[in-house]
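Trainee:
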């Protein structure tokens with residue numbers, strides 16, 4: 008978004024308009040292009056062309072509003088999906104940390120048991136040696 012107000016000339020429906028706003032010139036041209044594309048799309052439909060100009064204008068406005076509400080609904084659905092994925096990711100990270108802690112504890116326990124096994128093996132050798140000496 009531009010920090011200062013932008014005035015740019017655009018062509019909509021073959022007429023030159025000056026659009027003003029705090030958006031970039033590219034954005035304002037993109038908006039004009041969208042409207043032109045909608046006008047061109049509907050000007051190819053015979054039933055639309057037979058309507059009075061004020062009706063055509065309202066139909067075009069309704070179509071733009073329909074696009075807006077569909078896009079808004081899609082954003083809402085995507086935001087819900089994103090929230091679900093973020094929760095799933097959080098749960099997976101929590102599960103990973105929990106599993107890492109269990110693994111570390113298991114590794115410590117294995118080391119302790121190995122040390123105990125080595126100690127027991129030494130005791131066995133010592134006891135066997137003592138028995139042979141007697």
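Residue numbers (my numbering): 8 to 141. Think of the CB as a built atom: it goes at the ideal place given N, C-alpha and C, for glycine as much as any other residue. Only a predicted model underlies this, so the values are computations on that prediction, with no experimental measurement involved.
#1: Roughly how many angstroms separate the alpha carbons of residue 86 and residue 77, rounded to a whole number?
#2: Taking Cβ to Cβ, would you say residue 19 is nearer than 9 Å to residue 46?
#3: Which runs of the alpha helix (DSSP H), 4 residues or longer, sit entirely within the segment 32 to 79?
#4: Sort out for me which residues DSSP pairs residue 187 with in a bridge.
#5: What did DSSP end up calling residue 109 once you bin it into helix, strand or coil?
#6: Can you find the residues in the same chain that come closer than 6 Å, C-beta to C-beta, to residue 88, ignoring five residues on each side of it along the sequence?
#7: To the nearest angstrom, how far is it from the Cα of residue 115 to the Cα of residue 123?
#8: Helix, strand or coil for residue 141 per DSSP?
Mentor: Let me lay it out:
#1: Taking the chain shown and counting its residues from 1, one reaches residue 86 at position 79. Taking the chain shown and counting its residues from 1, one reaches residue 77 at position 70. Spanning the alpha carbons of residue 86 and residue 77 requires a straight line of approximately 14 Å.
#2: Taking the chain shown and counting its residues from 1, the one referred to as residue 19 is at position 12. Taking the chain shown and counting its residues from 1, the one referred to as residue 46 is at position 39. Yes, Cβ-Cβ distance for residue 19 and residue 46 is below 9 Å.
#3: 32 to 50, 53 to 56
#4: The structure shown does not extend to residue 187, since the chain spans only 8 to 141, so no value can be given for it.
#5: The sequence position of residue 109 within the chain shown is 102, counting from 1. In the structure shown, residue 109 sits in a helix (DSSP, three-state: H, G or I).
#6: Residue 88 sits at position 81 when you count from the first residue of the chain shown. Within the same chain, residue 88 has no close Cβ partners at all.
#7: The sequence position of residue 115 within the chain shown is 108, counting from 1. The sequence position of residue 123 within the chain shown is 116, counting from 1. Each residue's Cα considered, the two are about 12 Å apart.
#8: Counting from 1 along the chain shown, the entry for residue 141 is found at position 134. Reduced to three states, the DSSP call for residue 141 is coil.
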